[in-house]
Amino acid sequence: MRTRVSNMLGIRYPIVQGGMMWVGRAELAAAVSNAGGLGVLTALTQPSPQALRDEIARCRAMTDRPFGVNLTILPSANPPPYEAYLDAIIESGVKILETAGNNPKEFIQKAKAAGVTILHKCTSVRHALSAQRNGVDIVSIDGFECAGHPGEDDVPGLVLIPIAVAALNIPVIASGGIGDGRGMAAALALGAEGVNMGTRFCATQEAPIHDNVKQMMVQLTERDTNLIFRTLKNTGRVLRNKVSNEVVAKERRPGGVEFAEIHPLVMGARGRRALETGNIDDGLIWGGQVVGLIHDIPSCAELLQRMARECRDSLAAANTCF
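The opening residue of the sequence shown carries number 1425 in our numbering; numbering runs sequentially from there.
Here's what the structure looks like:
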């Protein structure tokens, strides 16, 4: 399956495992890369730049295939040392960087000077065009179906992907709502040259999260997500559980809610605890509408091989219509 994305990243299948907080660890990234996709470590899952160096070394011991590191840059009252994390990535010899959030031009220039290929995730074409002007190599465009932060425009992938492809000169990866080969075939037909998946990779054997969470994803439907932080203009899509239901209820009250009131519910430490202990109502569990397409917990190798087969079959079936 050859596209500009697979050629640029040196991978067999143009399938990228998106960076996910607490989930993007060496076990999962190495498994995805060994299966022919691009595994991605999440930098800020590690408590320090040195810990990230150690995790990169651990991943490299598990695979000889390309893998990347995600560095998400967000406004914060107490921001982590982003540049030190970037230095750890560069100095460790990682040649693929997935960025998200803010897109500082100086970080791009520093990474590019070190020969790093930059894949930037965004939720709108205007931000994708800005990223292209700043020198990123590939844009991953997130449709409204996605987990995490889908932006405030509410444009789904079926519309967003072809608009982005038409507007950009660099390759586009489709993200959000993709969990099988049929979705991959649709993305390729819309002009994307690869796909990015997060939620689907959580429900794999190698994902370093509790089996209760994986089974939850198998059981949920496409209707079982919540949009939180809507009233705060920082929309996030998470799986439906007691915590996210409570957040939504507070936001729907007349007059809305101050972030300070819901902060104890949405703290990252609670979400991490839920993923690790399997108490699925203990914190936020980020996930997209693609949970409606998750019916099993395969290995990463089984998932990617199946997706490639389904993608080819779907494109061949569509071709018989003409």
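We put the beta carbon where it would ideally sit given N, CA and C, even for glycine.
Please report the Cβ distance between residue i and residue j, rounded to the nearest whole angstrom; I am assuming they are in contact, meaning their Cβ atoms lie under 8 Å.
{"i": "Ile1709", "j": "Ala1698", "result": "6 Å"}
{"i": "Gly1712", "j": "Thr1659", "result": "About 13 Å; that fails the 8 Å criterion."}
{"i": "Arg1694", "j": "Asp1706", "result": "6 Å"}
{"i": "Ala1481", "j": "Glu1630", "result": "In fact, because the Cβ distance is near 19 Å, the residues do not count as touching under 8 Å."}
{"i": "Ala1535", "j": "Leu1510", "result": "7 Å"}
CA-CA distance, residue i and residue j?
{"i": "Asp1720", "j": "Ile1513", "result": "34 Å"}
{"i": "Val1667", "j": "Asn1458", "result": "36 Å"}
{"i": "Ala1475", "j": "Lys1519", "result": "18 Å"}
{"i": "Asp1577", "j": "Glu1734", "result": "31 Å"}
{"i": "Val1681", "j": "Pro1574", "result": "21 Å"}
{"i": "Ala1673", "j": "Gly1692", "result": "20 Å"}
{"i": "Thr1547", "j": "Ala1588", "result": "10 Å"}
{"i": "Ala1590", "j": "Val1583", "result": "11 Å"}
{"i": "Pro1473", "j": "Ala1732", "result": "36 Å"}
{"i": "Pro1580", "j": "Gly1567", "result": "5 Å"}
{"i": "Lys1657", "j": "Phe1683", "result": "11 Å"}
{"i": "Ala1610", "j": "Leu1728", "result": "16 Å"}
{"i": "Ala1742", "j": "Ala1613", "result": "10 Å"}
{"i": "Arg1477", "j": "Asp1488", "result": "17 Å"}
{"i": "Leu1663", "j": "Gln1441", "result": "19 Å"}
{"i": "Ile1565", "j": "His1544", "result": "8 Å"}
{"i": "Cys1626", "j": "Met1640", "result": "11 Å"}
Among the candidates the options, whose CA atom is the shortest distance from the CA of residue i?
{"i": "Gly1572", "options": "Gly1443, Glu1515, Leu1452 and Glu1630", "result": "Gly1443"}
{"i": "Met1486", "options": "Ala1467, Ala1453 and Leu1651", "result": "Ala1453"}
{"i": "Tyr1506", "options": "Thr1466, Gly1660, Ala1616 and Pro1490", "result": "Thr1466"}
{"i": "Leu1644", "options": "Val1715, Gly1434, Val1589 and Lys1519", "result": "Val1715"}
{"i": "Ile1439", "options": "Asn1620, Gly1492 and Ile1562", "result": "Asn1620"}
{"i": "Gly1539", "options": "Asp1705, Val1560 and Thr1744", "result": "Val1560"}
{"i": "Leu1592", "options": "Leu1553, Gln1639, Asp1604 and Ala1610", "result": "Leu1553"}
{"i": "Ala1555", "options": "Ala1537, Thr1523, Met1432 and Gly1434", "result": "Thr1523"}
{"i": "Cys1570", "options": "Gly1600, Ile1532 and Ala1627", "result": "Gly1600"}
{"i": "Arg1661", "options": "Thr1623, Arg1477, Ile1633 and Leu1728", "result": "Thr1623"}
{"i": "Thr1628", "options": "Arg1477, Glu1726, Thr1701 and Val1549", "result": "Glu1726"}
{"i": "Val1549", "options": "Ile1718, Ile1585 and Val1637", "result": "Ile1585"}
{"i": "Ser1516", "options": "Asp1604, Glu1479, Pro1504 and Asp1488", "result": "Glu1479"}
{"i": "Thr1655", "options": "Arg1647, Phe1746 and Gly1679", "result": "Gly1679"}
{"i": "Ile1718", "options": "Pro1471, Arg1426, His1544 and Lys1638", "result": "Lys1638"}
For residue i, I'd like the list of residues in its chain whose CB is within less than 7 Å of its CB, leaving aside the five on either flank, ordered along the chain.
{"i": "Thr1469", "result": "Met1445, Trp1446, Gly1448 and Arg1449"}
{"i": "Val1429", "result": "Pro1438, Ile1562, Pro1595, Ile1597, Glu1617 and Gly1618"}
{"i": "Met1608", "result": "Ile1602, Val1619, Met1731 and Cys1735"}
{"i": "Ile1532", "result": "Ile1542, Asn1558, Gly1559 and Val1560"}
{"i": "His1634", "result": "Leu1699, Glu1700, Thr1701 and Gly1702"}
{"i": "Asn1636", "result": "Gly1702 and Ile1704"}
{"i": "Pro1402", "result": "The structure shown has nothing for residue 1402, since the chain only spans 1425 to 1746."}
{"i": "Arg1647", "result": "none"}
Residues in its own chain within less than 6 Å of residue i by CB, not counting five upstream and five downstream?
{"i": "Val1671", "result": "Ile1652, Ile1686 and Leu1689"}
{"i": "Gly1615", "result": "Pro1586 and Val1589"}
{"i": "Cys1724", "result": "Ala1455, Val1456, Ala1459, Thr1628 and Glu1630"}
{"i": "Glu1675", "result": "Thr1655 and Val1681"}
Excluding the 5 residues flanking residue i on each side, which residues of the same chain have their C-beta closer than 8 Å to its C-beta?
{"i": "Arg1606", "result": "Glu1734, Cys1735 and Ser1738"}
{"i": "Pro1490", "result": "Leu1433, Gly1434, Ile1435, Ser1457, Leu1462, Lys1519 and Ile1520"}
{"i": "Pro1722", "result": "Thr1628, Gln1629 and Arg1730"}
{"i": "Asn1669", "result": "Asn1650"}
Discussion item. Could you check whether the region 1497–1516 touches the region 1528–1540, counting it as contact only if at least three pairs of C-beta atoms, one from each stretch, sit closer than 8 Å?
Written reply: yes
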